[in-house]
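*Asks:* Sharing a structure, written as structure tokens. Questions coming.
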Amino acid sequence: NAGVTQTPKFRVLKTGQSMTLLCAQDMNHEYMYWYRQDPGMGLRLIHYSVGEGTTAKGEVPDGYNVSRLKKQNFLLGLESAAPSQTSVYFCASNRDRGVNQPQHFGDGTRLSIL
Amino acid sequence: QKEVEQDPGPLSVPEGAIVSLNCTYSNSAFQYFMWYRQYSRKGPELLMYTYSSGNKEDGRFTAQVDKSSKYISLFIRDSQPSDSATYLCAMSPPGGGNKLTFGTGTQLKVEL
């Protein structure tokens, strides 16, 4: 019963470095999402995907890229990390966009950019 | 002004108390309303969802929606220390279940 798995759990980067966050789900879900969670700001949608090979921008997409080459995986990339991207990143998935299909969340990646 | 406003707390109550958590919103298009619970260093998990106005009960939890006032509530009866968590409200317009708007969360601590 893995559900949604995010790797890594923690990471410290220097400004300008790049990295990729990996999200994997084993529930055969079509929809996947990347959020960031900041104090006082709540969860904000970065990018999402409605199926393998598709991606779309969310509320705060700037500075991030995503790819969904396989149905079970959704990757979030930071090409040139900035201190403003210090946050907790959550991945989520659901079967479709129906509200009776809740989004299942991973346990987050805590990212600090110095 | 944020679309969804939620008092961040923290809210501290004794075990057994009735807890009331609330959100207000400004977008009248929102039709679906959800409450997520998030334990420390974990991802959010869905507690309840409701459609339009009215009440929904599930065990010790009751969700209320008042669309005329743009106000939603989550009541927890007989609160337990295991209820200590951050509670996030979320909402979406019809057909927009893939684009949720979240509140900032209310931190709740239930003390022995």
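Protein chains in written order, with our numbering: chain G, 1 to 114; chain X, 1001 to 1112. We put the beta carbon where it would ideally sit given N, CA and C, even for glycine.
Using DSSP with H/G/I as helix, E/B as strand and the rest coil, what is Ser1082 of chain X?
*Replies:* helix
*Asks:* Among G:Glu30, G:Ala92, G:Gly63 and G:Gln25, whose alpha-carbon lies nearest the alpha-carbon of Thr15 of chain G?
*Replies:* G:Gly63
*Asks:* Hey, Tyr1032 of chain X and Val1004 of chain X: beta-carbon distance below 8 Å or not?
*Replies:* no
*Asks:* Taking 8 Å as the CB-CB cut-off, is Lys1056 of chain X touching chain G?
*Replies:* no
*Asks:* Cβ of Phe74 of chain G versus every heavy atom of the ligand SAH: is any distance shorter than 7 Å?
*Replies:* Ligands are entirely absent from the displayed structure, and the ligand SAH is therefore not among its contents.
*Asks:* Do Gly1043 of chain X and Asp107 of chain G count as a contact pair if the criterion is CB distance below 8 Å?
*Replies:* The beta carbons of Asp107 of chain G and Gly1043 of chain X sit closer together than 8 Å.
*Asks:* Thinking C-beta only, is Thr20 of chain G closer than 8 Å to Leu76 of chain G?
*Replies:* yes
*Asks:* Secondary structure at Ser1073 of chain X, three-state DSSP: helix, strand or coil?
*Replies:* strand
*Asks:* Counting along the chain, where does the beta strand (DSSP E) carrying Arg36 of chain G start and finish?
*Replies:* Residue range Tyr31 to Asp38 is occupied by the beta strand (DSSP E) that includes Arg36 of chain G.
*Asks:* Taking C-alpha atoms, which residue in G:Leu43, G:Ser67 and G:Val60 lies nearest to Tyr31 of chain G?
*Replies:* G:Ser67
*Asks:* I need the DSSP call for Ser18 of chain G, collapsed to helix, strand or coil.
*Replies:* Ser18 of chain G falls in the coil class under three-state DSSP.
*Asks:* Hey, does Gly42 of chain G have any beta-carbon neighbour from chain X nearer than 8 Å?
*Replies:* yes
*Asks:* Taking three-plus beta-carbon pairs below 8 Å as touching, is the segment 1070-1079 of chain X in contact with the segment 78-95 of chain G?
*Replies:* no
*Asks:* Would you list the one or two residues that DSSP bridges to Lys57 of chain G?
*Replies:* G:His47
*Asks:* So, are the CB atoms of Trp1035 of chain X and Leu1074 of chain X less than 8 Å apart?
*Replies:* yes
*Asks:* So Gln6 of chain G is in the beta strand (DSSP E); what residue range does that whole segment cover?
*Replies:* Counting along the chain, the beta strand (DSSP E) containing Gln6 of chain G begins and ends at Val4 to Thr7.
*Asks:* Does the separation of the CB atoms of Gly42 of chain G and His104 of chain G fall below 8 Å?
*Replies:* no
*Asks:* Could you work out which residue in G:Glu79, G:Gln101 and G:Cys91 is closest to Ile113 of chain G when comparing CA atoms only?
*Replies:* G:Glu79
*Asks:* According to DSSP, is Gln85 of chain G helix, strand or coil?
*Replies:* helix
*Asks:* From what residue to what residue does the beta strand (DSSP E) around Gly1063 of chain X run?
*Replies:* A quick correction: the sequence has Ala, not Gly, at residue 1063 of chain X. Here the beta strand (DSSP E) through Ala1063 of chain X covers Phe1061 to Asp1066.
*Asks:* Work out the CA separation of Thr1062 of chain X and Gly58 of chain G for me, nearest whole Å.
*Replies:* Note on geometry: alpha-carbon atoms of Gly58 of chain G and Thr1062 of chain X lie some 31 Å from one another.
*Asks:* Leaving out the 5 sequence neighbours to the left and right, which residues in its chain are closer than 6 Å to Asn73 of chain G when beta-carbon positions are compared?
*Replies:* These residues qualify, in order along the chain: Ala24.
*Asks:* Under 8 Å Cβ-Cβ, which residues of chain X neighbour Pro102 of chain G?
*Replies:* Met1034, Leu1046 and Tyr1049
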